[in-house]
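A short worksheet on the structure shown next.
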Amino acid sequence: MNWEAFWLTVRLAGIVSTLLIAIGIPVAYWLTYSRWRWKFLVEAAVALPIVLPPTVLGFYVLVALGSRSPLGRWWESLTGHTLAFTFEGLVIGSLLYSLPFAVQPFAASFGAVDPNLLRASASLGHSPARTFRRVVLPLSKAGLVTGFALSFAHTLGEFGVVLMVGGNIPGVTRTISIDIYDQVQTANYSSANQTALVLLIISFLLLSVVFGLNRYGLHRSPWAVGPWR
Amino acid sequence: MGGGAMAIKTIIPTSSPSTSSNEPVHPISADLEVRIRKRYLNPEGSFHLNVHFRALAGFTILFGASGAGKTTLLDCIAGLTDPDEGRIAVGGEVLYDAEKKRKVAAWKRRIGYVHQDLALFPHLTAEENVAYGLRTLSAPQRKKRSREMLESFRIDHLRDRRPSQISGGERQRVALARALVTEPRALLLDEPLAALDRPTKSSLVSDLRNWNQIHRVPILYVTHDGEEVFALGDEVIVLDAGRIVAQGQPHEVMRAPRLETVAHLSGFENIFDATVLALHEDRGTMACRLGSGEVELETPLVRAEVGSRMRVGVRAGDLLLATENPHGLSARNILPGTIRRLVQRDVIISALVDCGGTEFEVHVTLAARDALQLGPGKAVWVVVKTHSCHLMGM
């Protein structure tokens, strides 16, 4: 069991899923309430990482982070090194990779809030922003927890994007799934087995929390916000 | 109203310091002016809401069948949807003016709106629901005001419960209290009492009346229950397919309906096409033939010509049944017929009587049915007072 890789992965997943709460809530808000006619294109783009081979996503992220892209150059002028093959680069790749796993449960739970409650809130003198904070968010707790847990679990198990963007630098970008791959390559099956089992158990527990929440609810209000709406 | 016995602890003086300090004191009589057009959809198709009225402080009933545009109208006033054109003002302040492109956002209008399904916040307790609209007050003020409101609506004991943990009538009280505590400039009530039993309803209505004795704001009250119109209304506006078809005091509008829509809504069970046969100006009556049958009725005189076609509405409860040909009655219309069938509704027996091809619905009591041994096939006489016949234009 490679604890260095384990803790690196947990740190990555923790940072990514926390950032995804901050990024995912505005995106999901927009997807839920916008009446823009081309909204479906954005929805499709957000959902892309679900179907795209991680290597394809990883490839584009690598290009975007490289020193030839504006983003890469900006980062290099700021920090003196490139984003590719760094932990920060890994975070950016994983944010994209796990975005739909946060946004979709968020948007589903926002959309499940009874519109009459929003109307009542407006009649009682609350702006849309305050209504969102005082009515929509509290009633979407399950969706928020679901999105957090799913993006955490999804980041925990990512492989292709990490390999493309991060490479395999111990302590910097070698995550647990890369570590398992390495161990199998060197025929170190018992160690691979151990690590794989840990990953399996953690993922199962996380998903159990998600489905348990959706099953029982906190207020017995609609918690029907499964990740796959 | 049976609610008179319920003593009300009267609430919140208008000059409470909390309002006078940070909000403008609105004028005593802030009337609501509405002149709007809007296209709306209901299950039967697309309609144009086209209304123009002024509601003074007190109850104004909006009466009409479902789909008449009542809810669309309230949504426009509350700012939850935009009219296509027109103007809405309350207490002199313009909330919406299509020409001047002025539109006040819903949350800045200070108009209370209680929707039929109440929309209580499920994650908040009754007290938190009531306090929700008091965001401009400090926390202790908010608590004080919402407690007072809960007490005056006699739901203080429920303050820590969630909406799912209280009864339907209690939820209605919470919803009303939540809207009233914000001291709205006008109040829109969309069938807020529809699901309540009668005693609960009348005690809530008297709570509302008491509140409005102090606050004097226009209350638009939507219903399609004719009884509520008489119980509540200072003024009634009848909507049909998006238009105002009648407006006035309830007894004017409902007792002498000039329009068939009002008659249907106001509970005329019997509506007949009629042809004017003769005018008796000296007696203030006229003779009409009903439909193509042979039944003739003496009705009150209205401005009409011989041969013109009218509609006659008669309430089933205004008709008498006799098992022998009666005499010595003041009623001018005594029509022989045969009972076709009897239907029991609660404690009312509804008898369908065929009088020479014209069918009347007559309401009698259970006791009358038994005493007269009424049943299908029995020969009876239907007695119609002249002034029970309400004439309507076609």
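First to last, the sequence lines map onto chains A and B. Residue numbers for the first sequence follow the working numbering, so the first one is 1 and each next one is one higher. Residue numbers for the second sequence follow the working numbering, so the first one is 1 and each next one is one higher. No residue lacks a Cβ here, since even glycine has one placed at the ideal position from N, Cα and C.
Buried/exposed call for residue i, threshold 16 Cβ in 10 Å
| i | result |
| --- | --- |
| B/R311 | buried |
| A/G80 | exposed |
| A/E4 | exposed |
| A/D179 | buried |
| B/Q344 | exposed |
| B/I219 | buried |
| A/T271 | Examination of residue 271 of chain A is not possible in this model, given that chain A is present from 1 through 229 alone. |
| B/T365 | exposed |
| A/F236 | Within the shown structure, residues of chain A are numbered from 1 to 229, placing residue 236 of chain A beyond reach of any answer. |
| B/A68 | buried |
| B/D346 | exposed |
| B/W381 | buried |
| B/M286 | buried |
| A/P170 | exposed |
| B/Y96 | buried |
| B/A379 | exposed |
| A/T131 | buried |
| B/H52 | exposed |
| B/Y408 | In the structure as shown, chain B starts at 1 and stops at 394, and residue 408 of chain B therefore has no counterpart that could be examined. |
| A/T186 | exposed |
| A/V210 | buried |
| A/A233 | With chain A covering only 1 through 229, there is no way to say anything about residue 233 of chain A. |
| B/H115 | buried |
| B/N325 | exposed |
| B/E281 | exposed |
| B/G356 | exposed |
| B/D396 | Here chain B covers residues 1 to 394 and nothing more, so residue 396 of chain B does not appear. |
Residue-level contact to chain A via CB, residue i, 8 angstroms cutoff
| i | result |
| --- | --- |
| B/T182 | yes |
| B/Y96 | no |
| B/F360 | no |
| B/I111 | yes |
| B/L418 | With chain B represented from 1 up to 394, any question about residue 418 of chain B goes unanswered, as that position is not in the structure. |
| B/H215 | no |
| B/D160 | no |
| B/H387 | no |
| B/R185 | no |
| B/H52 | no |
| B/Y132 | yes |
| B/F153 | no |
| B/D190 | no |
| B/D84 | no |
| B/R178 | yes |
| B/T30 | This sequence places Ala at residue 30 of chain B; Thr is not what is there. Taking Cβ atoms only, chain A never reaches closer than 8 angstroms to B/A30, which makes this a no. |
Residue i at chain B interface by Cβ criterion, 8 angstroms
| i | result |
| --- | --- |
| A/G125 | yes |
| A/F119 | Just to set this straight, residue 119 of chain A is Arg in the shown sequence, not Phe. For A/R119, the answer is yes, since a Cβ of chain B falls inside 8 angstroms of its Cβ. |
| A/A192 | no |
| A/A44 | no |
| A/A122 | yes |
Beta-bridge pairing of residue i - partner residues as DSSP gives them
| i | result |
| --- | --- |
| B/N325 | For B/N325, which the question treats as bridged, DSSP gives no partner whatsoever. |
| B/A278 | B/A287 |
| B/F47 | B/Y40 |
| B/Y221 | B/I61, B/L189 |
| B/W381 | B/A322, B/P336 |
| B/D273 | B/R311 |
| A/Y181 | A/Y181 pairs with nothing; no bridge assigned. |
| B/S350 | B/V343, B/H363 |
| B/P300 | B/T285 |
| B/T358 | B/C355 |
| B/V236 | B/I61, B/G248 |
| B/R102 | B/D97 |
| B/V90 | B/L32, B/E93 |
| B/L391 | B/V312 |
| B/F53 | B/V34 |
Residue i CB to nearest heavy atom of the ligand FMN below 7 angstroms
| i | result |
| --- | --- |
| A/L205 | Here there are no bound small molecules, and the ligand FMN is not part of this structure. |
Next item on the list: Name, going along the chain, the residues of the stretch 126-146 of chain A whose beta-carbon falls closer than 7 angstroms to a beta-carbon of chain B.
Entry: Listed by position along the chain: H126, S127, V135, P138, L139.
Checklist line | Interface positions of the stretch 104-116 of chain A facing chain B (Cβ-Cβ less than 8 angstroms), listed along the chain | finding: Here the close residues are D114, N116.
Checklist line | Three-pair Cβ contact test at 8 angstroms for the stretch 152-171 of chain B versus the stretch 126-135 of chain B | finding: Proximity of the stretch 152-171 of chain B to the stretch 126-135 of chain B meets the contact definition, three or more beta-carbon pairs being nearer than 8 angstroms.
Check: Does the count of Cβ pairs from the stretch 51-65 of chain B and the stretch 107-115 of chain B closer than 8 angstroms reach three?
Finding: Counting Cβ pairs under 8 angstroms, fewer than three are found: no touch.
Margin query: Within 8 angstroms, do at least three Cβ pairs link the stretch 59-70 of chain A to the stretch 33-50 of chain A?
Written below: The stretch 59-70 of chain A and the stretch 33-50 of chain A do not touch, with fewer than three beta-carbon pairs separated by less than 8 angstroms.
Next item on the list: Assess, as a yes-or-no matter, whether the stretch 207-221 of chain B is touched by the stretch 241-251 of chain B under the definition of 3 or more beta carbon pairs within less than 8 angstroms.
Entry: Counting C-beta pairs with one atom in each stretch, the stretch 241-251 of chain B and the stretch 207-221 of chain B have fewer than three that are closer than 8 angstroms, which means they do not touch.
Note to self: Can you confirm whether the stretch 122-134 of chain A touches the stretch 149-162 of chain A when touching is taken to mean that 3 or more C-beta pairs between the two stretches lie within less than 8 angstroms?
What the structure shows: With a cut-off of 8 angstroms, the stretch 122-134 of chain A and the stretch 149-162 of chain A do not count as touching, because too few Cβ pairs lie within range.
Next item on the list: Indicate whether the contact test is met: 3 or more Cβ pairs, each with one atom in the stretch 194-203 of chain B and one in the stretch 164-178 of chain B, closer than 8 angstroms.
Entry: With a cut-off of 8 angstroms, the stretch 164-178 of chain B and the stretch 194-203 of chain B count as touching, because enough Cβ pairs lie within range.
Note to self: Contact between the stretch 98-107 of chain A and the stretch 12-31 of chain A is defined here as three or more beta-carbon pairs at a separation below 8 angstroms; is this criterion met?
What the structure shows: Result yes; three or more Cβ-Cβ pairs closer than 8 angstroms.
Margin query: Tell me whether the stretch 149-158 of chain A and the stretch 115-125 of chain A touch, counting them as touching only if at least three CB pairs, one residue from each stretch, are closer than 8 angstroms.
Written below: Two segments are said to touch when three or more pairs of C-beta atoms, one from each, lie closer than 8 angstroms; by this definition the stretch 149-158 of chain A does not touch the stretch 115-125 of chain A.
Note to self: So if I threshold CB-CB distances at 7 angstroms, which residues from the stretch 114-148 of chain B count as touching chain A?
What the structure shows: Going along the stretch 114-148 of chain B in chain order, one finds H115, D117, A119, F121, P122, H123, Y132, G133, R135 with a Cβ nearer than 7 angstroms to chain A.
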